[in-house]
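Residue numbers (the numbering used here): 2 to 653.
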C-alpha cells in the first residue's frame, strides 16, 4: 500500500476546494455568480465569448442557474476575495511543505539559508537579514514568523486581502463604511451625502448591517438544512421503494402464476393479461420512481452545493464582501426554502400485489396498488364460567412467536408462563416446562423465538433453554446454555434481555447490561460476540444477516451487521412526533415491522414499517392497548402481543 504523504493530502484538498471546475487549475481572480458558484475571471470570459456571446445572462456551467451580467460584463461580477485569500494562504503553506527537506535561500541577500519569513513583505529572511529587517524604520513593526513555526502550524500565514477594506465602486478613492439597505450595496461616506442620502435611502454601519444579515441568514440556513433533510428522507424512501418494487413485482408475478396453475388451461389467458398489467404498472412505477430518484438527487445535489457555498461565504468572507453578496446568498437560501419537498410515501408507493378472488369465469383476481392492513383476529384469553367472565388468561402478554404450522406461542411477563394457541385463538395448553424433565422447567421466561425446524428457544433468567416441538403437541426439553460473560463463571453483570433466530437457525442473544449480542449455533456453541451500544430489550434478525434492535428511552431503531458495523440508526419520529419503539420483526424482503408507543397511555400503541435500509414506509395499525412483542406468521400476517390479548393483522 502506497504511503500517503502530506503533499498528497494537500493536492487532494486543492482539487476538491481550491480549483476552478472549468480550467481545473487554482482559482485566478475568481468571480462569484448568483448561484454562489465561483470560476476564474478568464474562464468565465472565454465561456461567455464562446457559448453566450450576445446574451445579457450567463448560465452557471455547473448548475445552469442564470446570472444577469452587469453593464461591464464579466469584469463587473463580484470578486471572491475570500477564495483568493484562501488560495494565496494554501499555496504558501504548500510551498513550505514541498520545500521542507530542501534549503530555502534568503530572498534579500540571496546567499544564506532562510530561517524566517516576513508575513508583511512575503520574503524569506536569513538570520542577518532578519535582524536588519527588524532594525529598519519601515519594516521593524512587520510580523516575522520562523519557518519551523510556519511548517508546524504554530504560526500561520494570513493573506492581507482578508483585512483589506474594499474601495467604493463609485468613489474609488474612498473606503466603504456603510451599507445602504435601500439599494443593498456597500457605500462610502461621500455616497451618504450624494447618491444614498436620507430620507430616501436608509443605511447603517458595516458592523450593524453584518450582524443583522448574519441573524437573518442563520434563520434561513436552518430552514434550508431542514429542507435538505426532508429531501434526503424522501430520496431514501424512493431508493428503498425502487429496490422493493422489484421484489414485490416478482412476488406478485409468482402469486399470479400459482393461482393460474390452479385453474389450469382455462384461465391462462387471464393470467397473461394480469401479468401484462402488472408488468405495465411495475414499469410505470419504476419509471416514476426513477424520475423521482433523479429529481430528488438533483434537488439534493443542488441544495447541498448551495448550502456548502452559502456556509463557505458566511465562514470565509469579510463583512464587506458578505454584505455585498447578501442578496445573492439570501436569494439562493430562499430558493431552497421555496422548493416543494414532496412526500413520496403518499404517491410513490412501490406496493404491488395480487389478490385472488373466487373464479367465476370472469376474472382471475385483481392487482392491489395500495397496501392496506386490517385486523383479522383478536383473542384475549378470557377465562369464563358460562356467560360470566372470571378474568383474563394474560396479565402481560409481551413476547410472541409462531411455529411452522401457524400455532402461536406467547410469553407472559407476569404469570411466568408460556401460552400456546391455534391460529384461530384456541388455547392448546400453558407451558412451564416438561413435567418429567426438571432441568427444563421455566422459572422466569422473558423472551422467546422459534427456529425454522420448530425449535423453541427461551430466555429464562441467565440461561437460554432450547426445546423441540415438532408438532406443537408435545414440547421436549433438549438442553440449555449460558451466553458468555465478561469472565467465566461470573454472570452477575449480565442481563439477558432479548433473543432472535434467523433462517439458518442461528441464535442471537442480547445482553442489555453489557451491550453485547452473542451469536450461537443451534447447539449453543458460540459463533461471535457483537458490540451493540444501544441494545435494549428487543431484537430481530433479517434475511440479510443483519441484527435489528430498538432502544425505548432513546427512541432509536438500529441495524448492524454480524461484524458489528452499523447499517443505520434512525430516530423513531413520525409526523414530527417522537414515538417509543418496542418489539419488531422482519419480512422476507428484509422490511422491518415495529411496535411504536405514541404515549404511556393505553390505546396509544401502533405498528409501523421501515425498509431494510431504515427508510420510513408508513403506519400499519393504530389504537393498540400496550403492544410489546411482534412476529410474522407463516401466512405473512402480523401477530402482536398486546398486553391482555393477541391481535392478528393481514393485508386486505
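Even for Gly, the Cβ is constructed at its ideal location relative to N, Cα and C.
Worksheet item: Within 10 angstroms of its Cβ, does residue 634 collect 16 or more other Cβ (buried), or is it exposed?
Response: One-based indexing of the chain shown puts residue 634 at position 633. Under this definition residue 634 is a buried residue.
Practice prompt. Specify whether the region 466–474 and the region 390–409 touch according to this definition: at least 3 beta carbon pairs, one from each stretch, less than 8 Å apart.
Written response: yes
Discussion item. I'd like the ranges of any alpha helix (DSSP H) spanning at least 4 consecutive residues and lying wholly in the region 514–594.
Written reply: none
Fill in: Contact check, residue 414 vs residue 421, beta carbons under 8 Å
Within the chain shown, the letter at position 413 stands for residue 414. Within the chain shown, the letter at position 420 stands for residue 421. It is not a contact, given that the beta carbons lie outside the stated cut-off.
Worksheet item: When you compare each of 294, 46, 532, 192 to residue 73 by their alpha carbons, which one comes out closest?
Response: As a first step, residue 73 is located in the chain shown; it is residue number 72 there, counting from the start. Per the Cα distances, 46.
Worksheet entry | Nearest-angstrom Cα separation, counted from residue 60 out to residue 37 | If you number the chain shown from 1, residue 37 lands on position 36. If you number the chain shown from 1, residue 60 lands on position 59. Whole-angstrom Cα-Cα distance: 12 Å.
Discussion item. So, for residue 523: in the same chain, excluding its five sequence neighbours on each side, which residues have a beta-carbon less than 6 Å away from its beta-carbon?
Written reply: For this step, residue 523 is matched to residue 522 along the chain shown. Around residue 523: 506.
Worksheet item: Hey, how far is the Cα of residue 295 from the Cα of residue 425?
Response: As a first step, residue 295 must be located in the chain shown, where it is residue number 294. As a first step, residue 425 must be located in the chain shown, where it is residue number 424. Each residue's Cα considered, the two are about 47 Å apart.
Discussion item. Does the contact criterion of 3 or more C-beta pairs under 8 Å hold for the region 594–610 versus the region 638–649?
Written reply: yes
Practice prompt. Quick one: using the 10 Å Cβ neighbour count with 16 as the cut-off for buried, is residue 573 buried or exposed?
Written response: In the chain shown, residue 573 corresponds to position 572, counting from 1. Burial call: buried.
Item to complete: Using alpha carbons as the reference points, say which of 92, 23, 82 lies closest to residue 62.
Response: Here residue 62 is taken as the residue at index 61 of the chain shown, counted from 1. It is 23.
Fill in: residue 353 beta carbon less than 8 Å from that of residue 250
Reading the chain shown from its first residue, position 249 is the one you call residue 250. Reading the chain shown from its first residue, position 352 is the one you call residue 353. Yes, the pair counts as a contact, with Cβ atoms nearer than the cut-off.
Discussion item. Just verifying my parser: in three-state terms, what is the DSSP assignment at residue 620?
Written reply: Within the chain shown, residue 620 is the residue found at index 619, counting from 1. Strand at residue 620.
Worksheet entry | residue 644 - partner residues in DSSP beta bridges | Residue numbering aside, residue 644 sits at position 643 when the chain shown is read from its first letter. DSSP, once it has assigned bridges, lists 398 as partnering residue 644.
Discussion item. Please identify the residue among 443, 271, 212, 396 whose C-alpha is closest to the C-alpha of residue 463.
Written reply: Residue numbering aside, residue 463 sits at position 462 when the chain shown is read from its first letter. If we check each option's Cα against that of residue 463, 443 comes out closest.
Worksheet item: To the nearest angstrom, how far is it from the Cα of residue 248 to the Cα of residue 650?
Response: Your numbering for residue 248 matches position 247 in the chain shown. Your numbering for residue 650 matches position 649 in the chain shown. Cα-Cα distance, rounded: 22 Å.
Worksheet entry | Inter-residue CB distance, residue 535 and residue 559 (contact presumed, cutoff 8 Å) | Taking the first residue of the chain shown as position 1, residue 535 is located at position 534. Taking the first residue of the chain shown as position 1, residue 559 is located at position 558. Yes, they are in contact, since the Cβ atoms of residue 535 and residue 559 sit about 5 Å apart, within 8 Å.
Practice prompt. Taking residue 339 as part of the alpha helix (DSSP H), name the residues at either end of that continuous run.
Written response: The residue you call residue 339 lines up with position 338 of the chain shown. Start and end: 327–339.
Worksheet item: Leaving out the 5 sequence neighbours to the left and right, which residues in its chain are closer than 8 Å to residue 130 when beta-carbon positions are compared?
Response: Translated into positions along the chain shown, residue 130 becomes position 129. Contacts found: 107, 109, 110, 113.
Discussion item. Within the continuous alpha helix (DSSP H) that includes residue 269, where are the two ends?
Written reply: Within the chain shown, the letter at position 268 stands for residue 269. 269–317 is the span of the alpha helix (DSSP H), which, as asked, contains residue 269.
Worksheet entry | Sequence-distant residues of its chain with Cβ nearer than 7 Å to residue 189 (five each side left out) | Sequence index remark: in the chain shown, residue 189 carries index 188 (1-based). 169, 172, 175, 176, 177, 178.
Worksheet item: What is the DSSP secondary structure of residue 111, reduced to helix, strand or coil?
Response: Your numbering for residue 111 matches position 110 in the chain shown. DSSP places residue 111 in coil when its eight states are reduced to three.
Discussion item. Assuming contact is defined by CB atoms lying nearer than 8 Å, are residue 338 and residue 228 in contact in what I supplied?
Written reply: The count along the chain shown starts at 1 and reaches residue 338 at position 337. The count along the chain shown starts at 1 and reaches residue 228 at position 227. In contact: residue 338 and residue 228 (Cβ atoms closer than 8 Å).
Worksheet item: Under 8 Å between C-beta atoms, does residue 78 make it to chain D?
Response: The question asks about chain D, but that chain is absent: this structure has only one protein chain.
Worksheet item: Skipping 5 residues on each side, what residues in its chain have a beta carbon closer than 6 Å to that of residue 437?
Response: Walking along the chain shown from the start, residue 437 turns up at place 436. Excluding positions up to five away in sequence, the list is empty.
Worksheet item: Can you check whether the CB of residue 627 is closer than 8 Å to the CB of residue 603?
Response: As a position in the chain shown, residue 603 is number 602, starting the count at 1. As a position in the chain shown, residue 627 is number 626, starting the count at 1. Yes. Within cutoff.
Worksheet item: If you drop the 5 nearest sequence neighbours on each side, which residues of the same chain put their C-beta closer than 6 Å to that of residue 429?
Response: Locating residue 429 in the chain shown gives position 428, where the first residue counts as 1. For residue 429, where only same-chain residues beyond five positions count, the Cβ hits under 6 Å are 421.
Discussion item. Taking the alpha carbon of residue 441 as the reference point, which residue from 592, 218, 482, 86 has its own alpha carbon closest?
Written reply: Position 440 of the chain shown, counted from the start, is the residue given in the question as residue 441. Nearest of 592, 218, 482, 86 to residue 441, Cα basis: 482.
Worksheet item: For residue 188, which three-state DSSP category applies?
Response: Numbered from 1 along the chain shown, position 187 holds the residue referred to as residue 188. Residue 188: strand per DSSP, three-state reduction.
Practice prompt. Using only alpha-carbon positions, find the residue among 355, 400, 578 that is nearest to residue 418.
Written response: Here the question's residue 418 lines up with position 417 in the chain shown. The residue with the shortest Cα to Cα distance from residue 418 is 400.
Worksheet entry | Coarse secondary structure for residue 428, derived from DSSP in three states | Position 427 of the chain shown, counted from the first residue, corresponds to residue 428. Three-state DSSP puts residue 428 in a strand.
Item to complete: Return the residue from the list 246, 298, 616, 454 that minimises the CA-CA distance to residue 284.
Response: Your numbering for residue 284 matches position 283 in the chain shown. Measuring from the Cα of residue 284, the nearest candidate turns out to be 246.
Practice prompt. Would you kindly work out how many angstroms separate the C-alpha atoms of residue 336 and residue 567, rounded to a whole number?
Written response: On the chain shown, position 335 is the one that residue 336 refers to. On the chain shown, position 566 is the one that residue 567 refers to. Roughly 35 Å between the two C-alpha positions.
Discussion item. Let me confirm a value: residue 154 is counted as buried when at least 16 other C-beta atoms fall within 10 Å, else exposed. Which label applies?
Written reply: Along the chain shown, one-based indexing puts residue 154 at 153. With fewer than 16 Cβ atoms within 10 Å of its Cβ, residue 154 is classed as exposed.
Practice prompt. Let me know the secondary structure DSSP gives residue 464 once reduced to three states.
Written response: Locating residue 464 in the chain shown gives position 463, counting from the first residue. Correct three-state label for residue 464: strand.
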